Each structure stands twice: as structure tokens, then as C-alpha cells.
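**Student:** Okay, so the sequence shown: first residue is 1175 according to my numbering, each after it adds one.
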Amino acid sequence: MTTHCCGSLGLGSGLGALILLSGCTTTAPVSENAPPFEARVEIEETAFRCPEYTITNNGSGMFWGSGSAQLVRIGDRPFASAFEHVPGCAPLNNARWALYERGPNGWRVCQRDDKDRTREPSPLGVSRSGRLLMSVNPTLAPWIDAIPDPKTGKIPRQGGAARPEFLEFDSTNPERNPSHLIPSWSGEPTFTDHSYRAFAADGENGEFILFQKVGYTHTEWAFLDKEMQWKTAQLAWPKGEDPKYSVWPGDRTPVNYANVVLSNRQVYYIGQSPYNIWDRIDPLDTETWGRGKWGWRMRKLHCAWTPDIAAVPFREWTVIDDTMADGGTIGMGDSWLAPDGRLHLVWQKTPIHPGLRDTHFPDIKRDWHLCYGVLKDGEVLEKRVLLSGGETTGPLYPSGYIGHPRLHITPDHTLFVLCNLMGLTPEAKLRSGTYAMRIAADGTVSVPVRVPLEHPIKSTFFTATPRAGNRLTEAADLLISDTIDAKRVARYVRIRFRPPCSPTVSITGPGFLLPGQGREIRLQAEVSDPQGDVSSIRWRLPDGSAQDGTSLKWLAPPSVGENVTVVAEATDKDGNTGRSARSLSLPPPELADADGLVSVEAEVLADEGGGKARVCHPVNVANASISYWHMSLGHWLAWDLDIPAAGEYELWMRYTTGCTGTRRSLLIDGKLPGPTFADIAIPTTGGWCTDRDQWAYMRLGPALELTAGKHRMRMTNLADGLGVDAFILRPNP
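#1: Quick one: Cα of Gly1299 to Cα of Asp1287, how far?
#2: Under 8 Å by Cβ, that's how I've got Thr1503 and Phe1237 pegged, so tell me the actual separation to the nearest angstrom.
#3: Could you name the residues of the same chain whose beta carbon sits closer than 7 Å to that of Ser1437, not counting the 5 residues immediately before and after it, in chain order?
#4: Indicate the three-state DSSP secondary structure (helix, strand or coil) for Ala1213 in the structure shown.
#5: Between Phe1257 and Leu1307, is the Cβ-Cβ spacing less than 7 Å?
#6: Can you pull the DSSP bridge partners for Cys1263?
#7: Let me confirm a value: Met1402 is counted as buried when at least 16 other C-beta atoms fall within 10 Å, else exposed. Which label applies?
#8: Are the CB atoms of Trp1813 and Gly1785 within a distance shorter than 7 Å?
#9: Could you check the C-alpha separation between Pro1525 and Gly1577 for me, to the nearest Å?
#10: Considering only their Cβ atoms, is the gap separating Gln1440 from Met1506 smaller than 7 Å?
#11: Give the list of continuous beta strand (DSSP E) stretches no shorter than 3 residues that lie fully inside the segment 1780-1827.
#12: Tell whether a beta-carbon distance below 7 Å holds between Ala1755 and Thr1724.
#13: For the 8 Å Cβ check, are there 3 or more pairs between the segment 1650-1666 and the segment 1685-1700?
#14: Assign Thr1831 to one of three DSSP states: helix, strand, or coil.
#15: Going by C-alpha to C-alpha distance, which of Gly1380, Pro1322, Ala1396 sits closest to Arg1337?
#16: Could you pull out every unbroken beta strand (DSSP E) segment of at least 3 residues lying fully inside the segment 1423-1456, listed in chain order?
#17: Determine the direct distance from the alpha carbon of Phe1535 to that of Leu1466, and round the result to whole angstroms.
#18: Give the secondary structure of Ala1660 by DSSP, where H, G and I count as helix, E and B as strand, and everything else as coil.
#19: For Gly1597 and Ser1606, what's the separation of their Cα atoms in angstroms?
#20: Helix, strand or coil for Arg1305? Go by DSSP, reduced to three states.
#21: Between Val1898 and Tyr1227, what straight-line distance do the alpha-carbon atoms span, to the nearest angstrom?
#22: Touching or not, the segment 1839-1856 and the segment 1875-1882, by the rule of three or more beta carbon pairs under 8 Å?
#23: What residue range does the alpha helix (DSSP H) around Gly1564 cover?
#24: Going by DSSP in three states, Arg1465 sits in which element: helix, strand or coil?
#25: Going along the chain, which unbroken runs of the beta strand (DSSP E) with 3 or more residues stay wholly within the segment 1672-1730?
#26: Only counting runs of 3 or more residues, tell me where the beta strand (DSSP E) segments fall wholly within the segment 1822-1891, in order along the chain.
#27: Confirm, please, whether the CB-CB distance from Ala1649 to Arg1672 is below 7 Å.
#28: Output the distance between the C-alpha atoms of Lys1474 and Ile1444, rounded to the nearest integer angstrom.
#29: Leaving out five residues on either side along the sequence, give the residues of the same chain with a beta carbon under 6 Å from the beta carbon of Pro1252.
#30: From what residue to what residue does the beta strand (DSSP E) around Thr1406 run?
#31: Would you call the segment 1743-1761 and the segment 1677-1689 touching, i.e. three or more CB-CB distances under 8 Å?
#32: For Asp1816 and Arg1837, which I take to be in contact (beta-carbon distance under 8 Å), what is that distance rounded to the nearest angstrom?
#33: Can the beta-carbon of Ala1642 be found less than 7 Å from the beta-carbon of Ala1243?
#34: Rank Leu1245, Ile1538, Gly1389 by C-alpha distance to the C-alpha of Pro1528 and give the top, closest one.
#35: Is Trp1422 near Gly1501, with beta carbons less than 7 Å apart?
#36: When we look at the beta-carbon of Pro1818 and count the other beta-carbons within 10 Å, is it buried (16 or more) or exposed?
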């Protein structure tokens, strides 16, 4: 067996087998023999600085909104929402958002809020079509100078009302001022700077949802659908403990720091709720309860679910897990809704406060648990402990609290759990660091494998989670809270999970061919391997055939269509395999090898009216494209055609659209060239080429009879969006 490039923890190192949770109906073993994997760190860098908590001193911070996401990815570009201090302003609303992007030269600030102030960080959400939204909560309270009071010597602190809204940025030009999307609330909710909000996106459908706390009774929610229509309502908090002893006033308990999942209008809301009184507490013995004495009190993990946020009320709250028996605390980690409707989630349970245990409950054992569960239609199907550590299960334990652990899901729906482990091994060796476990489709869990970070995760971190609309990716994107050289920073890390010591494969060569360039694909596989023992390189092709060798030369037959994917596999002598895939866009056979083609770049406009289109640079565009001409009906664009010889020409278009109802009309020299061109229905391509190739070709109608020389072509918006790379005129033989 080959030596692993990254260390793993066997069961003998203090991590016991899976432990059944109380009330659990299923168990599954940890597999010591499961195929191991390697965690490769591809990028580890500082993204930007964060203010010290003592600077803002407002009870919040960069990573405070742990249930939402401040890291998203559009194509190969990660975006992050930073939390910055507003100099000279007194708390509470003395912070602002800043939008960062990682490009070829590293991280840069795109823009920051130069107008409004806020108390909390501002989470992000994206759609597959390239929409980039941010949830903001600007204060309505007046500015107060950060000047100490002459009597007390303290800077005054003041909160106040706030105005929740969405900002939408142009992801192709994120320096542009964002548009403001204001929810149409029912009634007049009294929003404040303490939002405890949760923001989520359905990336596939381009829909977004915000939950924001109001008082101690409920959260308001606002759902923005793909037609840009709002629906708003309330979700009442679950019943809590006796109001005489409750954390919050009243008989309900807020559910804070929530994960929200939105998919095809199905919504999960999952978070933790505080309780002062647990099973062994006498409410009259006030020495045994209260945050001031014994810290955090999050003791129940609540879940609310609706199958259709636009039409069906939420069902009654469900308690997924709790620590009411032992006085510990519970913190939500992460969740993912699989295509089969099963919600996978992970959370963490920490033990009773050591002082409270030693003084009042010496029989309670202090153990930490990393937990995993599966829900379907709002009901718990299974729950179990993945890792335990502490007084009864060994000195090595999962660390962290709310926001730990996190999930990474690959495109083949493999789950990886990212967590922190701390403590001593049975050999009394200090062992702490960042680890990953794999959960297989059959529920088998791998042993933890160390992630070889230069700076292991010590605090809160985000991933580019599907809950924020992100597409599933092979590599995991992380944004990590850290302190380096005594300065608080946000670090960006990219991790890829592979079989141990497997070869690394990258594919070079053109990602697309244009009309006149044929359909022969030529690519090169570049392979590196830790042991240098690669035994074979094989290309797997869309028609089911295969070729061996580092170079590929393959003529794509008409049967495979215009969008294809080829895979290069490199295998070493022990059978470890590394893979890389390349998607390519090909011209249709009619245009592949045609002579005398006339190409018109769509971004080279001759004229425009009724609106203002934008030049874009999506994936695999030839030079640039034109888009954003859907807002106004009648918005038209015009191009000049230079026809070399009189004759019949077929008019083709290379285009992309995520819409299903796109329609355009077309004129040549101010006249309709035929009834077909009065209302052209344009099929969807499934997206906007924001993170993958979704170009398609379409013949717009019957052949046109054109004279030699200049002609003016005008296309008018009748409905929905369209991105055009180029128009191609093919002379009929």
C-alpha cells in the first residue's frame, strides 16, 4: 500500500466508533478500510484585514453571521463580503460592508459602502446566471461621534431602527454601484440593528430569501422569486420555557444563527435556541443558571420546514437534538439539501461549564460530540455522533461551537466534513488541527484525515456553501477568521480532496472552436505525481470511445452535439487515479468548415435605442458579448453587415440565456425579411456562461437574399434576457 501524503487518525488515536444518540434509530460504522483520501491545499493566503472586536465594540464582527455565507463563487472568481470599522463613529452602528473579489492577481476591494452604516456583517448569495446579491441592514439611527463621555470616560453606545434590503451587484463589473431591492413587507415591522438574520439563495432558480428577527416573538421573512416579485410573511418562534426564567421576555424562544436552505421553494430554517432551565436545574436555585455565571445557554436545535414558501405555511417546529439532560450547549454547523430531498446536516455539542459541573453536578461527564443527521420533509430520519472526545471517550475532541463543523459537497454528491480536533492522543502527544472526514453514500464514515494547512483553523470559518446558491465544486473554498502577526485577518483557502498520492491532471488547449475552425479537438494532459510512477494516461470521450497518451486529437462527430466534455485520467502503478474534465463548445456541423462566413461581433454596435445594453465577458466568449437588454420591451440594438457578394445567406447566432421565454424581432435595412423574423422564440441554454460554457448556436430563420455591400440589422427585445457573442452569415452553396 502506498504511503499517505497526509496523515489520518486511526480509531486508536482517541476517536471512538460511532456513538448512538439518544432516540436515534440508526447507526453506521466508521470504516477503517474505506478508501482513504488526501486533502491537498492549493491556495492559502490572506484575503483582507478585519477590525479587532475592541475597535468596533458593538457585539458583532466579521464572522458573526455564521449561519449565512460571506464567501461565494461565480465561475473562477470568489467574492467575499468584508466587515469594516467606520472611523470616528460610536457603536453600535459603526461598521460597513466591503465587497472583495479574487482575480488573477489576488484579492482586491471592488467597492465599500460610503453612505450607510450597520452593526453586523452582510452575507452574500448568488445564482447560476451570475446574479450577485448582498443582504444589508443599514441603520436609521443618527451618527454619534466616538468621543468619550467626560464624566464616565466611556464612548456612548446607541442602537436603533434599521432598514433591511438587498443589494444587487453587476458580477461582471463589481465596481458599479449596486441596485437596491427593497422587500414589500406586510405591515410595518420594527426592524433594528440586532437582526439575527439568515440569508439564502436557490442558485439554480435565481431566487433568494431573508429571515430577520423582530422582537422576541417571530422572524419576518422576504422571498424574492425569479420574476423579481416579493412575498413576505412571518415565522413565529417555538414555545420556550417558563417566562419567569426564560432568556428572552415572553413564552417563545428565538432560533438564532440559523442555517436556511432554499431549493425549488422548499425552505428549511434550522438554528439553536437558548434555555436557562435544563433537566436537573431547580429554577429557584439561581446559583446554577444564567449566562453571567455559566456562559452560553444554547440547548435546543430547532427546525421549521415548508414544502413551498410561496404557498404553504411552515409546519410546527421540530427539535432535532438538545443538551437538556447534561447542561451542555449545542451549535448548528452546516446543511445541504440533496437532489433526493434528503437534508444532510452537522452540528456540535459541547459539555457543561466546568465550574458548574465541579460545583453542582460532579457526576456529569464532560464530553464533546460532532453530530450528523438526515431529515426528509422536515422529519428526522437519522442522527448519530461522528466523533466524540472528553472524559469518557478519550482526550482528543472536536472543538469549535456555532459554525462548526462545515460541509463540502463535490459534484458527485460526496460529503466531506471539515472540523477542528484538539487534545491529546493516548500516547500523550498533543494533537490539534484541521481535519476532514468523508461520508459515503451508504453512510460509512472515513477516519479523519489531516488538512495540511500552514495555519490550522482556530476559529470561525465560511465555505462557498450551496445554501448561498453556489454550484457544487471539486475544490472547497474557505474564508477563515485568524490572527497573524497580532492582526486579525480573513484568510482564503482552497482544498481539493483526492485519493492518496494520486496523480494530478490538468488539461491545456482551447476551450472552444468557432465557426470555420472545424470540430477537431486538440488538447494536452499535463500530469504530476508525488511518486513519479504514472503508468497510464487515458482520454474518455463523449461518444464512449477512449484514447491513450498525453495528447488528444479527436474529430467530434455530429452525434455528440455542440457542447461536449472530455476527461483525462492518469493512473499510477498502485491504481490511484487522478482526473480532470474539460468542457468545450463546438460549432454546429453546418458552420464548422464552411467557407465564406461573415462574422459580426455582437459587442460592436452600430446603434441602440430604448435602453442601454452592457458588454460582458462570460466563459468561452470569443472576444466579448452583449447582454442586459431585457429590462425594457422595445429596447433595440443594431449592427452593420458587410456582405462580400450578393446571394442567399443563412443568419446564425451564437448566444446564451438562462431564460425560458426569450423572444426577439429582427429587421434588415428597416424591413421585416419574412414573417418568421417578426417574433423569434429563442430556446434557453440553461444559463449565462458565468461559470461554465453554455453557448449555443441558432439559425434565426430562412435564408436571406442580400446584395453586396453594407446592410443594417436591428434586433428588438420582445421578452426576457439574451446574451449574444456573434452573428454568423453562411452563404448558401
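Note that the Cβ used here is the ideal one computed from N, Cα and C, for glycine as well.
No experiment lies behind these values; they were computed from the predicted model shown.
**Tutor:** Taking the definition as stated:
#1: Residue 1299 sits at position 125 when you count from the first residue of the sequence shown. Residue 1287 sits at position 113 when you count from the first residue of the sequence shown. Roughly 18 Å between the two C-alpha positions.
#2: Within the sequence shown, residue 1503 is the residue found at index 329, counting from 1. Within the sequence shown, residue 1237 is the residue found at index 63, counting from 1. Between Phe1237 and Thr1503 the Cβ distance is about 18 Å, and since that is not below 8 Å, they are no contact.
#3: Counting from one through the sequence shown, the residue named residue 1437 turns up at place 263. Excluding positions up to five away in sequence, the list reads Asp1376, Leu1511.
#4: Along the sequence shown, one-based indexing puts residue 1213 at 39. Strand at Ala1213.
#5: Within the sequence shown, numbered from 1, the residue matching residue 1257 stands at position 83. Within the sequence shown, numbered from 1, the residue matching residue 1307 stands at position 133. Result no, Cβ atoms of Phe1257 and Leu1307 do not sit closer than 7 Å.
#6: Within the sequence shown, residue 1263 is the residue found at index 89, counting from 1. Note: Cys1263 sits in a beta bridge opposite Asp1319.
#7: One-based indexing of the sequence shown puts residue 1402 at position 228. Result: exposed.
#8: Residue 1785 sits at position 611 when you count from the first residue of the sequence shown. Residue 1813 sits at position 639 when you count from the first residue of the sequence shown. Not closer than 7 Å, so no.
#9: As a position in the sequence shown, residue 1525 is number 351, starting the count at 1. As a position in the sequence shown, residue 1577 is number 403, starting the count at 1. For Pro1525 and Gly1577, the distance between alpha carbons rounds to 17 Å.
#10: Numbered from its first residue, the sequence shown carries residue 1506 at position 332. Numbered from its first residue, the sequence shown carries residue 1440 at position 266. No, Cβ-Cβ distance for Met1506 and Gln1440 is not below 7 Å.
#11: 1781-1783, 1788-1790, 1799-1801, 1810-1817
#12: Looking up residue 1755 in the sequence shown gives position 581. Looking up residue 1724 in the sequence shown gives position 550. Contact annotation: Ala1755 and Thr1724 have beta-carbon atoms that are not nearer than 7 Å.
#13: Taking 8 Å as the limit for Cβ pairs, the verdict is that the segment 1685-1700 does not touch the segment 1650-1666.
#14: The residue you call residue 1831 lines up with position 657 of the sequence shown. Three-state DSSP puts Thr1831 in coil, outside helix and strand.
#15: Numbered from its first residue, the sequence shown carries residue 1337 at position 163. For Arg1337, the nearest C-alpha among the options comes from Ala1396.
#16: 1430-1437, 1440-1448
#17: Position 292 of the sequence shown, counted from the start, is the residue given in the question as residue 1466. Position 361 of the sequence shown, counted from the start, is the residue given in the question as residue 1535. Correcting the residue type first, residue 1466 is Gly in the shown sequence and not Leu. Gly1466 and Phe1535 have their C-alpha atoms some 18 Å from each other.
#18: To locate residue 1660, count along the sequence shown from 1; it is residue 486. In the structure shown, Ala1660 sits in coil (DSSP, three-state: anything other than H, G, I, E or B).
#19: As a working note, residue 1597 is residue 423 in the sequence shown. As a working note, residue 1606 is residue 432 in the sequence shown. Cα to Cα, the separation comes out at about 6 Å.
#20: On the sequence shown, residue 1305 is found 131 positions in, with the first residue counted as 1. Arg1305: coil per DSSP, three-state reduction.
#21: The residue labelled residue 1898 in the question sits at position 724 within the sequence shown. The residue labelled residue 1227 in the question sits at position 53 within the sequence shown. Using only the alpha carbons, I get a separation of about 48 Å.
#22: Contact holds between the segment 1839-1856 and the segment 1875-1882, because three or more Cβ pairs, one in each stretch, are under 8 Å apart.
#23: Within the sequence shown, residue 1564 is the residue found at index 390, counting from 1. Note, Gly1564: premise wrong, no alpha helix (DSSP H); beta strand (DSSP E) at 1553-1564.
#24: Residue mapping note: residue 1465 aligns to position 291 of the sequence shown, counting from 1. In this structure, Arg1465 counts as helix in the three-state DSSP scheme.
#25: 1678-1682, 1694-1702, 1708-1714, 1720-1722, 1725-1729
#26: 1836-1842, 1854-1856, 1870-1873, 1878-1880
#27: Taking the first residue of the sequence shown as position 1, residue 1672 is located at position 498. Taking the first residue of the sequence shown as position 1, residue 1649 is located at position 475. In this structure, Ala1649 does not lie closer than 7 Å to Arg1672 by Cβ.
#28: Residue numbering aside, residue 1474 sits at position 300 when the sequence shown is read from its first letter. Residue numbering aside, residue 1444 sits at position 270 when the sequence shown is read from its first letter. When rounded, the distance between both Cα atoms is 10 Å.
#29: As a working note, residue 1252 is residue 78 in the sequence shown. If we look at Pro1252 and ignore the five residues flanking it on each side, its Cβ neighbours are Arg1276, Asp1651.
#30: Translated into the one-based positions of the sequence shown, residue 1406 becomes position 232. 1404-1410 is the span of the beta strand (DSSP E), which, as asked, contains Thr1406.
#31: yes
#32: As a working mapping, residue 1816 is identified with position 642 in the sequence shown. As a working mapping, residue 1837 is identified with position 663 in the sequence shown. Not a contact, Cβ separation roughly 28 Å.
#33: Here residue 1642 refers to the residue found at position 468 of the sequence shown. Here residue 1243 refers to the residue found at position 69 of the sequence shown. Yes.
#34: Translated into positions along the sequence shown, residue 1528 becomes position 354. It is Ile1538 whose Cα lies nearest to the Cα of Pro1528.
#35: Working through the sequence shown from its first residue, we reach residue 1422 at position 248. Working through the sequence shown from its first residue, we reach residue 1501 at position 327. No. Outside cutoff.
#36: One-based indexing of the sequence shown puts residue 1818 at position 644. So Pro1818 ends up on the exposed side.
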